[in-house]
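Report on the structure given below.
Numbering (our numbering), first residue to last: 2 to 326.
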C-alpha cells in the first residue's frame with residue numbers, strides 16, 4: 002500500500018512546515034527525487050519508494066539529506082538486523098490473528114488527536130497491558146504496528162507527536178517488565194536513533210514508586226533534547242492542560258478532558274487500525290544486506306552502553322516494593 006503525498010495541506014500546516022522545517026512546497030518534489038537517487042545507490046538497503054514514507058525522514062531532518070540518510074538507514078537496520086535485538090518487534094500478525102483484537106480492545110496505545118500547536122497526541126496506558134494475555138514481544142510489535150500508520154501522516158510529520166503516559170494502577174511486576182534494561186535500551190535506541198517521529202511531549206501521569214525507580218533505567222540513555230520534552234504532572238492533569246493548549250479538548254473524560262470516554266477512542270482506533278492494514282503495508286518490503294554495506298555507512302548508530310551494576314545504586318542493594326504499588 003502506497004500513501005500519496007497530499008497536495009491539500011491546510012494553510013496552518015503549510016506555514017508550520019515553513020517555519021519549523023524550512024519547507025518550501027515548490028522544492029519538495031526535487032528533494033524527494035534527490036533522496037530516491039541516493040537510496041538507489043545504497044545496495045545494502047531495500048526500501049519502498051513511497052513518497053509519503055520518505056518525506057517523513059526528510060521532514061524529520063529539516064531537509065538535511067545527510068541526517069535523513071542516517072535516520073532511514075537506522076530505521077531499516079533496527080527492524081532487520083538481529084544485533085539490535087528487536088527484530089521480533091517487527092513480526093506483525095495478520096489482521097485475522099485473534100491477538101490483534103486482544104491488543105486493540107485493551108487500549109494500550111491510543112491516538113487522541115491534535116493540540117493547538119499541531120502536535121498529534123497519543124495516550125500510553127501501561128496498566129492496560131496484561132502480560133498473561135499479551136507477551137511483551139507481542140505488545141511491542143503491535144505498538145509499533147499501531148504507531149507506524151502515523152509515519153505516513155503528513156500532519157504528524159510536520160507537527161510532531163506527543164505521548165501522555167498513564168502510569169496509574171501499574172504494579173511493580175508491570176513496571177519491571179516495561180523497564181527491563183535490555184528492552185529499555187532497545188526502545189530508547191528505536192525512539193532516539195531510528196523512528197522519523199519528532200517527539201515534542203512526554204507527559205508522565207501518576208508515577209508510582211516502582212516506576213520512579215524504573216525510570217532511572219530510561220534516564221541512562223535519554224538525550225538532553227529528549228529530557229527537555231518531559232513533563233511530570235503527578236496526578237494533576239491541569240498542569241499538562243496549561244502547558245499544552247488544546248490538550249484538554251482531546252483528552253478522555255476520565256482524565257478531566259472533553260473528548261468523551263476512553264472506550265470510544267479505543268473503538269475508533271480499532272476501526273482505523275483495521276482499515277489501514279486491510280491493504281498490505283509497503284514497509285514489509287524493507288530489507289538490509291550487511292554484506293553490501295559500504296564503509297561510509299558503518300557508524301550511523303550512536304553507541305548505547307549497557308547499564309553497569311552501580312547505576313541504580315550500590316551493588317547488592319535491594320529496595321522492597323509493594324507488588325501492587
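Each residue gets a CB set at the ideal place from its N, CA and C atoms; glycine is no exception.
Separation of residue 271 and residue 106 (C-alpha to C-alpha, rounded to the nearest whole angstrom) is 7 angstroms. Residue 127 and residue 258 have their alpha carbons spaced roughly 19 angstroms apart. The beta carbons of residue 79 and residue 186 sit about 12 angstroms from each other, so the pair does not count as a contact at 8 angstroms.
For residue 113, the enclosing beta strand (DSSP E) begins and ends at 110-115. Look at residue 120 here: in three-state DSSP terms it is coil, with no helix or strand label. Residue 180 is a Cβ neighbour of residue 218, given a cutoff of 8 angstroms. Counting along the chain, the unbroken beta strand (DSSP E) around residue 200 starts and ends at 200-206. Scanning 85, 72, 75 and 156 for the CA closest to the CA of residue 21 turns up 156.
Residue 221 sits in coil when the DSSP states are folded into three classes, being neither helix nor strand. In the structure shown, the three-state DSSP call for residue 47 is strand.
About 5 angstroms separates the beta carbon of residue 130 from that of residue 109, a gap short enough to meet the 8 angstroms contact definition. The criterion of a C-beta distance shorter than 8 angstroms is satisfied by residue 74 and residue 298. When only Cα atoms are considered, residue 60 and residue 184 end up about 28 angstroms apart.
Residues of the same chain with a CB within less than 7 angstroms of the CB of residue 288, apart from the 5 flanking positions on each side, are 47 and 81 in chain order.
In the structure shown, the three-state DSSP call for residue 186 is helix. Between the alpha carbons of residue 104 and residue 136 lies a distance of about 10 angstroms. Assignment of residue 167 by DSSP, reduced to helix, strand and coil, places it in the strand class. Closest in C-alpha terms to residue 151, from the list 12, 282 and 293, comes 282. When rounded, the separation of the alpha-carbon atoms in residue 13 and residue 51 is 24 angstroms. Rounded to the nearest whole angstrom, the C-alpha separation of residue 116 and residue 171 is 27 angstroms. If the five residues before and after residue 246 are omitted, its C-beta is found closer than 8 angstroms to the C-beta atoms of 116, 117 and 118, all from its own chain and listed in chain order. By the neighbour-count definition (other C-beta atoms within 10 Å, threshold 16), residue 203 is a buried residue.
Between the alpha carbons of residue 23 and residue 240 lies a distance of about 31 angstroms. Judged by DSSP in its simplified three-state form, residue 235 adopts strand.
Taken through DSSP and simplified to helix, strand or coil, residue 96 comes out as coil.
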